[in-house]
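As C-alpha cells, the structure follows; a few thoughts come after it.
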Amino acid sequence: MQKLTIYIVILLVLSACSKDFLNTKIDSSETDKTLNSDYSTLISLGNAPYAYIRNGFLSVDGNLFAAATDEAEQTSGISDAQLFNQGSWNATTNPDNYYSSYYRGIRAANYFLEHSVNYKDILGTNRDTISAAGAISYKNDVMNVAWYRAEAHILRAYFYFELSKRYGGVPLLTRVLNADENTIMPATPYDSVMNFVVDEVTLYQDSLQVNWKTSSFSNYDGRFTKGVALALKARALLYWASPLHNTSGDVLRWQQAAAAAHDVIALGIYSLSNDYRNYFLQSNTLSSGETILAVRQTANHYMETMNYPISTSGGQSGVTPSENLVSDYEYTGTPDPANPYTNRDPRLGMSVVTNGSTWNSRVINEAPGGTDDMANTNASKTGYYLKKFLNDGLNLVQGGTATHHWVVMRYGEVLLEYAEAMNEAYGPDNDNGYGLTARAAINMVRARTGVNMPAVTATNQDEFRTAVKHERRIELAFEDYRYWDLLRWKDAETALNKPLLGVKVNNGVYTTFSVEERVFNASKMYYYPFPQTEISISKGVLVQNPGW
Amino acid sequence: MLAFSGKVLAQSVPDSIPTASVSKVSGEELYRTPAANITNTFYGRLPGIITEQASGEPGYDNASFVIRGMGTYDNNDIAIFVDGFQVNNTYFQYLSAIEIAEVKLYKDAAALAAFGMRGANGVLWITTKRGHAGKPTVQVQVRNGVQQAENINKPLRSYDYARLYNQAVSNDLYAVNNHQYIYTPKYTTTQLEAYKNGTGTDIDWFDEVLKKNAVFRDANITFSGGDTTTRYALIVDYMKNQGLYNVATNATTSNAQIQRFNLRANLDFSFFKIFEAKVDLGGRIEDRRYPNFNGPSLWNNMAVYPSNVYPVKDETGNWSGTTVYSNNPVASLKALGWTSTHDRTLQANFNLKEKLDFITPGLYLSEAVSFNTWTRSAASKTATYARYYNGVQTTTDVTSDLVASASSPTNQYDWKQANLSAGYDRTFGSHAVHALVNYFASNYIEDWNGNFNGSGYNTGNNIFHHYTNLGGTIDYTYRNKYMLGFGFGYSGSDNYAIGHNHGFYPAISAGWIALTAPLYLKVRASAGKSGNENSAQGRYLYQQYYGTSTAFYTGVTSLNSNTAIAPTYIANPDIFAEHSMKYNVGFDMTLFKKLDIIADAYMDKRGGIITYDQASYAATIGTALMFKNIGKMTNKGFELTMNYHDTWKGLGYHVGGSMLYHKNTVDYKAEITPVNSFSKTTGLSVSTPTGLIAEGFYQTDDFNADGTLKSGQPVPVFGAVQPGDLKYKDLDNSGFVDQNDVTKIGHPAYPSLYYSFNASLDYKGFDVAILFQGGAGADFNLLNAATQTLAFVSNNNAFPMAKGAWAYYPSEGIDTRSTATYPRLTTQSNTNNYRNSTFWIKKNNYLRIRNIEVGYSLPEAFLKRAHLSRLRLFMSATNPVTISKLLRDYNFDPETPTGYPGLKSYIGGLSVSFN
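Chains as they are written, first to last, in my numbering: chain A, 1 to 548; chain B, 1001 to 1915.
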C-alpha cells in the first residue's frame, strides 16, 4: 500500500517537474503560431479595415445625425443629439466620438499592408502553380490580394479624410505602432493630411477594380473601386477648397476639385436612378447605377422601429424633420395655405411624412383629436415624420424586416460637387472643355425621372452658389451631408443658431412655432475637440483645437 | 504552544507558527448556526474574515469572503485548503460543519509566504475530524425547523399605484402643456374607488408566489474511535433545504430545493513504528431542483408587475398575461416545468509519513496525493402556457404539455495534487527548531461550457491549470521566550510565459513572550511577500490572440459575409502575478486565565496588479491595449478580539467580541487624468461611488415661462428638466452640469468596520448563547436596486418611497413641493434624475442578532441509565432581528436588498452521544 502511494506520488511529482508541466496553452482561438500565412488569412486581414466604415443609420442615439442639425429634431428628450443642440457638448462628452475607431481602421489597413508585402511569395508556397487549373487559381488569388492592397490604401485615406473633416489636422501615421513605441504624436496640419489623401488616390486608383458588377467577381460588389477612390479625391478636394479651409479664397483649389469630380463623371459607369423614393430602399440601392459606395446590412426593422410615428404600433417617432427643412422645398405652382404640401418639389413627399399624407395605412392627422395628435406623449415635436430610408407598412409587432443599405457615395452627390466646384472655378456656364457645365450638372439632378424640377434660374456666380447650396440641402436631406456642408461653407453660425421650427395644425390652419433654441458657438465648434482622454494622455504634445 | 503536535500536514505550514497571526474556529461552533451553505455559518465567528450574505436561494446561497478588507481591485478570492490540499468554492460550500474539526485563517506573511503565489488573499485552512484512540463514540444529531425571508420589500397596492401613476403621466405632459402642470389622469376616480374598496384588481404577487415558511432539516451520525494502530472517524450527513416558492414538488412542478448527502471516512494507521498513514475520503451528492423560470427574473417580475395589471387567472380560467407583462409570476412557477441538477464530488487523500528518528531525532518525511473530482449533470422538463387577457389570447405562446429532456453533463473538473514534505522538529536544551519544507504540485483540468473570462481566450473543454510551489517555514525558539521565523515560497504557474513564470516569496517574523503566568503576553511582528496568480483579467495574457468577426457584407442580390481577423489586446510577454508585501504587528495577552486579548495592526501593500494600461497609449495605436503589472494598492487596518470567561457558583459565563477596521486606497490604476482633479478615482478606496452632488429639487421659479432655465442657473446636459427634477451642483463652474462635475459621493458598499459580540451562559445543564454581528461605514446606492427605486419608469412598479415624490397639482389638493423626498414621478426614462448622485446614496450600517441558542443537556444520572454520554435538546433562531436604517427608512435588507432574500430560521434539534 505504501509503496503504491510512493510510486504515484513520485510519478505525479516527476510529471510536475518536467518543464512542460507549466506550459499549457490548449485553446480554441488563433495565435501567432496557428495563424497560417496563406490566402484566407491575407483575405481576412484585408477585410478588417472595412468594418470601420461608419453606417450613418447609427450615427447618434442609434439614429441619423440629422437630429443634430437644422434638418430634424430627436423626439426623445434625453438624446445625445440634445448635447449638440444645446451646445453643451465638449471634449469629455462628445456623442460623435469615433476618434479611436478610425485609428483602429487605420491600423487594420496598415497591419494588412505590412503583413502582405510579400504576398506573391506567400501565396505561392506549398501550392500548385504549374498545372493549368493551378496556374489560373494562383493568378486569381494574386489579383485579388493586389486589389485588397490597393483598397487598403484607399480605406486608410478615407479614414483620414473622415478624421480631418471633424478634427482638422490629426496625427498621421502610415505604419503599425508597437506597444513599446511612442504612440503620442502631435497633429499633422490639415493641408498635409489632405495632400496625403489625394496622393494615395493618385497612386493607387489604377490598381483598383473598375466595376465589380460587370466583372467575373460580382459577389465582391461593395469593395472599393476606382470610382470610390476618385469620388473620395473629389470630395477631399472640395472640402479643401471650401471657405473653412480655403481662407484666402484660392480659385486653383476649386479648379482641382472640379477636375477631380469630372474624373468620376468621365468613368462613364454611373447614372442617376430613376426613382428617388425607392432608390434608398432594399436592394434597389445595390443594383442601381447611381451607387458608388454603400454599407450593406442584413435585414432588420431597426430604422422603422426608431422612426415610425408613435401612433403606429412599435414606432418611437425618433428623428422628425423640421419646418426649417420643409419650408425650403420649392413650390412648383401657387402656394395654397390650406394645403401647404401640394404643388411642391416631389422630393418633399418622398422624404417627409406630412400632415394629411398617407403613411402606415392611415391618413396622418395631427390636429387635436386626430390619430397622430401632437399632444400625445412622444408624438413628433415638429409636425413631421421621417419617410426617406423607411419602408412603408412594415409590421413591427410581427417582427417584419427589410434590408437598408447606407449610401456613402452616390452619383447624384458627385454631380452636385461638380456643379459647386465648377461654379466657383469657372462660373455657372463655363465647361472648361469638360463637356458639362455647372448649370447642366445641377439640372441633371433636378431633372431626375419622377422629380422633374425645372432648371435653375440663377444668373451669376453668387446666385448659382445659393442655388447649389439649396439643391444639396434638398437632394441630400438626412444623408449626413448637411452638418459638414454648413461647417465648410462657414454657414453654421447662422443656420445652426436659428431656432428649430415646427408646424401645428388646427382646423386646417397651419401655424409655425419654435420647438427649441439651437446653439452653435462659432468660436470653437467648427472643429471637434480632441477627446479629453487623448489630451490627458498626450501631456501637451497633442494640442486641443482652439476654443475648447 | 511550542510542542509539535505530531499531526501530519501535507502543506508547508506546521500546525502552529508562534509568530503568525492566526484566527481559529471549531466545527462545533460553526454547527451552531444552522445554514445550508457553510459559508453562511462564518458571520462573527472567525475574526479577520468579512462575510457578505448574497442570497437565500437553495443551492445558490454562497456568501462571499474577504480577509481584512479589500487587498486588491482585481480578484480577492481566498485560497481554501481541506486536509492539506486545495479545494475550490464548489467543494467547500456544501461541506457539513460536522465534518470539520477546526478552521484556521492565516492572515499575515509569516504563514502566507509559504503558500507563494496563492497566499496573498489569505488562506482558510480546514482540518476534518479524525478518530481517536480509546472508546468508540457515536453521535447522532438531528435538526428540523423553518426558514423565512429576512425581509421582502413589497410594492404599492393598486390604489396607491394608480393615484401616483396619475401624477406621473400628468408630469410627463408638462412640456406639451406649455410648461405647466395640468392634471391629466389615466385612472378615473371610479377606478380609484374600486381599488380602494377591493373590487378592482389588486394582486400581491409576492403573496401569490411565495409561502411564509420553508423546510430546513439536517441529520448526521458520527462514529469515531480506534486504538494505537488504527483510528477512524466516519461521518454521514444529510441536509434538505427548501425554497420559499408556494408550489408543490412533484412530477410536474417543483419548489426550489437542495438535498445533499455527505459521506466522510478519515482513517489513520500507524505501523512498523515509523509509518503513519492517512486515508481521507470525503464525498457527497448534491441534488438541486428549481422551477424553469430563471430565479433572478422571477424576483424581478414580482417586484415589477403592478398589482392592478391582471388577476392571476382570467375569467376563462387561463393564465393571464399581456404583451408588456407577459411572464405571469404564478404561471412562471407552475406552468413551465422544472430542472434538476445532480452533482457528485469526491476528495480522496492518501498520505504517508515516515518518522526518521533513527537517522536523526525529529526528522520526518511525508508523501501525499489527492484526487478531487466533481461533475454536474442536468435534466429538465419544460412546458409552455398561453397568455390570456379578458378572455382573449394576447401573445403567440400556446399551452403545451410537459416534455422531458435527457440528462446531460454540464460541467466537471478533475484535480490531482501531490505533496512531498520533509520536516525537522527538535529541541536542544534551550533551543527549539521546527522546520518544514514542502513541494506541492497541482494539476487541474476543467470542462467549461462558456467563455472562460472576458479577455483571456480559453474556452471549451480540457482547460488546464498547473501550479507548483516549493515552500517552507523554519521557526527557532530560544528559552521559550524569543522566537524567530523564516518562511518562503517558490511558485510556478502556467498563467505566465515560460521563463517568466516563477516567483520567490520570502517572509521574516519575530516574537517575544514578555510575560508569563499568571499573566501572559506575547508580542509578535512579521513582514513578507506573497503572490496572487488568480486574476479576473484573464489567463495567458502573454499570448497574442486573434479574434474573428464579420467585417462587412458584399453582393447585390444576396449578401455575403466577409470575415476579418484582427489581433485582440496586445500580448504582454512579461505578465506576472501581483505581489503583496504584508506587514503585521500584534500581541496575544491572557490576564488571570480569564481574559484573552488578541490585537493586530496590519498593512498590505499590493503591487503589480494586472491592469489594462489605458493611460500610456494614444488612440493612434489603433488596437485594444496591453495588460500590465502596474496597479498598486494599500490596505491597512487593525483587529481586536477579546474574550472573557468565568464561573460563579456553578454559573459559567462567557463574553466576547471582535472588531475589524480596514481602509484601502488605490495608489495607481492607470487612470486617465480627468479634466478636474476632484473627479479622480485614484487615491480613493476601491469601488467608491462617484457621481454628481445633488442640491435639492428645481422649483417653478427656477424656470422662465417658455420652460428654459433662468439665466444664472447651470444647464444640465442630461436632458430637459422641469420643476420637481433633481438639481445638481456645477462644481467646475462651466455653466453646465455634465460629466466633468462628477466626484466622490459616498463610501463603498462594503463596511469598513466589521464587528461582533457574543455572550453565553450555562447553569446546571441549561445553556444560552447569543451572537450579534454588525457592519458600519458602508453606503448603499438606491439606484442599484433599480426595480424598487425607479417608480413607473419603462413599465416598472412603484414602491413606498414613491409616496414622497415631488408633485404640484393645487386643483387636486396635491402639493409636496416643500416636503418631497423623491423627484417628480415619470413613466419615461429620465437620465437626469436617475443617475448616480449624493441624493441616492444612503448609509448602510446594520446590526443583526445572528444567532440565539437555548439548550438543555440532560443530567448525568439520567444519561447513565440510558447508556448515553450526552443528550442535549436545543432551539435556535438565526437572523431573528435586524437593526438597520436602510431597513427602517426604505424597507431594504442591508445585505440582500434585491432578489431572493437572505433567510432567518427557527430550528429545534437534539444531539445524542453514545458510548
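Glycine included, every Cβ here is placed at the ideal spot set by N, Cα and C.
These numbers come from a predicted model, not from an experiment.
If you draw a straight line from the C-alpha of B/Met1589 to the C-alpha of B/Ile1078, how long is it?
Rounded to whole angstroms, B/Met1589 to B/Ile1078 spans 28 Å at the Cα level.
What are the start and end residues of the beta strand (DSSP E) that includes B/His1654?
Taken as a continuous stretch (DSSP letters only), the beta strand (DSSP E) holding B/His1654 covers Leu1651 to Tyr1668.
Determine whether the Cβ of A/Ser287 lies closer than 8 Å to any Cβ atom of chain E.
In the displayed structure, chain E is absent; the protein chains listed are A and B.
So what's B/Phe1371 in DSSP terms, helix, strand or just coil?
Strand at B/Phe1371.
Expressed to the nearest angstrom, what Euclidean distance is found between the alpha-carbon atoms of B/Gly1048 and B/Leu1112?
So the two alpha carbons sit approximately 14 Å from each other.
Flag A/Lys213 as yes if its beta-carbon sits less than 8 Å from any beta-carbon of chain B, otherwise no.
True, the Cβ-Cβ gap to chain B drops below 8 Å.
Identify the continuous beta strand (DSSP E) that holds B/Glu1354 and give its terminal residues.
That run of the beta strand (DSSP E) goes Gly1337 to Lys1355.
If I measure Cβ to Cβ from B/Leu1164 and keep anything under 8 Å in the same chain, skipping five residues before and after, which residues do I get?
Here the set comprises Leu1156, Ala1791, Phe1792, Ala1798, Ala1802, Lys1803, Ala1805 and Leu1825.
On a CA-only basis, which of A/Val210, A/Pro95 and A/Thr459 is nearest A/Arg439? Give me that one, please.
For A/Arg439, the nearest C-alpha among the options comes from A/Thr459.
Find the nearest neighbour of A/Ala51 within the set A/Met185, A/Gln86, A/Thr312 and A/Ala152, judged by alpha-carbon distance.
Minimum Cα distance to A/Ala51 is reached at A/Ala152.
In the DSSP assignment, the alpha helix (DSSP H) including A/Thr494 goes from what residue to what residue?
Taken as a continuous stretch (DSSP letters only), the alpha helix (DSSP H) holding A/Thr494 covers Ala492 to Ala495.
May I ask you to report which of helix, strand or coil DSSP gives A/Val543?
In this structure, A/Val543 counts as coil in the three-state DSSP scheme.
Nearest by alpha-carbon distance to B/Asn1584: which of B/Tyr1238, B/Gly1637, B/Lys1334 and B/Arg1032 is it?
If we check each option's Cα against that of B/Asn1584, B/Gly1637 comes out closest.
Hey, is A/Ile78's beta-carbon within less than 8 Å of any beta-carbon in chain B?
With 8 Å as the cut-off, A/Ile78 counts as an interface residue toward chain B.
Quick one: grab the DSSP three-state call for A/Val414.
In this structure, A/Val414 counts as helix in the three-state DSSP scheme.
Tell me which residues share the same chain as B/Gln1093 and place their Cβ nearer than 7 Å to its Cβ, disregarding the 5 neighbours each side in the sequence.
Taken in chain order, the residues that qualify are Asn1037, Ile1038, Thr1039 and Asn1062.
Which two residues bound the contiguous alpha helix (DSSP H) that contains B/Ala1111?
Note, B/Ala1111: alpha helix (DSSP H), Ala1109 to Leu1112.
For B/Gly1902, count neighbouring C-beta atoms within 10 Å of its own C-beta (all shown protein chains included) and say buried if the count is 16 or more, exposed if not.
By the neighbour-count rule (16 or more Cβ atoms within 10 Å), B/Gly1902 is buried.
Going by Cα to Cα distance, which pick from B/Val1403, B/Leu1470 and B/Gly1429 is closest to B/Asn1438?
Considering only alpha carbons, the answer is B/Leu1470.
Could you run through the region 156 to 189 of chain A and flag, in chain order, every residue whose CB is less than 7 Å away from some CB of chain B?
The residues in question are Pro171, Leu173, Leu177, Ala179, Thr183, Ile184 and Met185.
Just to confirm my understanding: we take B/Ala956, look at its own chain, exclude 5 residues before and 5 after, and list those with CB closer than 6 Å. What are they?
What the structure shows of chain B is the stretch from 1001 to 1915, and residue 956 of chain B is not part of that stretch, so it cannot be assessed.
What are the start and end residues of the alpha helix (DSSP H) that includes A/Pro346?
Element bounds for A/Pro346: Pro346 to Ser351.
What is the residue span of the beta strand (DSSP E) that B/His1579 lies within?
Note, B/His1579: beta strand (DSSP E), Glu1578 to Leu1591.
Please indicate yes or no: does the CB of B/Asp1604 lie closer than 7 Å to some heavy atom of the ligand MN?
As for the ligand MN, it is missing from this structure, which has no ligand bound.
Please name the residue in B/Trp1512, B/Asp1425 and B/Ser1526 whose C-alpha comes closest to that of B/Tyr1520.
Out of B/Trp1512, B/Asp1425 and B/Ser1526, B/Trp1512 has the C-alpha closest to the C-alpha of B/Tyr1520.
Work out the CA separation of A/Leu237 and A/Asn110 for me, nearest whole Å.
Cα to Cα, the separation comes out at about 24 Å.
Under DSSP, the beta strand (DSSP E) around B/Val1309 begins and ends at which residues?
No beta strand (DSSP E) contains B/Val1309, which DSSP labels as neither H nor E.
Could you work out which residue in A/Arg253, A/Leu500, A/Val197 and A/Thr298 is closest to A/Asn324 when comparing CA atoms only?
Taking only the C-alpha atoms, the option nearest A/Asn324 is A/Leu500.
Can you give the Cα-Cα distance for B/Asp1596 and B/Leu1515, rounded to whole angstroms?
Going by the C-alpha atoms only, they are around 14 Å apart.
For A/Asp206 and A/Ala522, I'd like the C-alpha separation in whole angstroms.
Cα to Cα, the separation comes out at about 41 Å.
Let me know the secondary structure DSSP gives B/Val1793 once reduced to three states.
Helix at B/Val1793.
Just checking: is the beta-carbon of A/Arg439 within a distance shorter than 8 Å of some beta-carbon in chain B?
Chain B, which has no Cβ nearer than 8 Å to the Cβ of A/Arg439, makes this no.
Roughly how many angstroms lie between the CA atoms of B/Gly1198 and B/Asp1160, to the nearest whole one?
Whole-angstrom Cα-Cα distance: 13 Å.
According to a CB-to-CB cut-off of less than 7 Å, which residues of the region 517 to 537 of chain A neighbour chain B?
For the region 517 to 537 of chain A, which is checked against every Cβ of chain B, the residues closer than 7 Å are Gln532, Thr533, Glu534, Ser536 and Ile537.
Grab me the residues of B/Leu1267's own chain with a C-beta within less than 6 Å of its C-beta, minus the 5 sequence neighbours each way, in chain order.
Once the five neighbours on either side are set aside, the close Cβ partners of B/Leu1267 are Tyr1232 and Val1279.
If you measure from the beta carbon of A/Ala81 to each beta carbon in chain B, is any gap under 8 Å?
Answer no: the Cβ-Cβ gap between A/Ala81 and chain B never drops below 8 Å.
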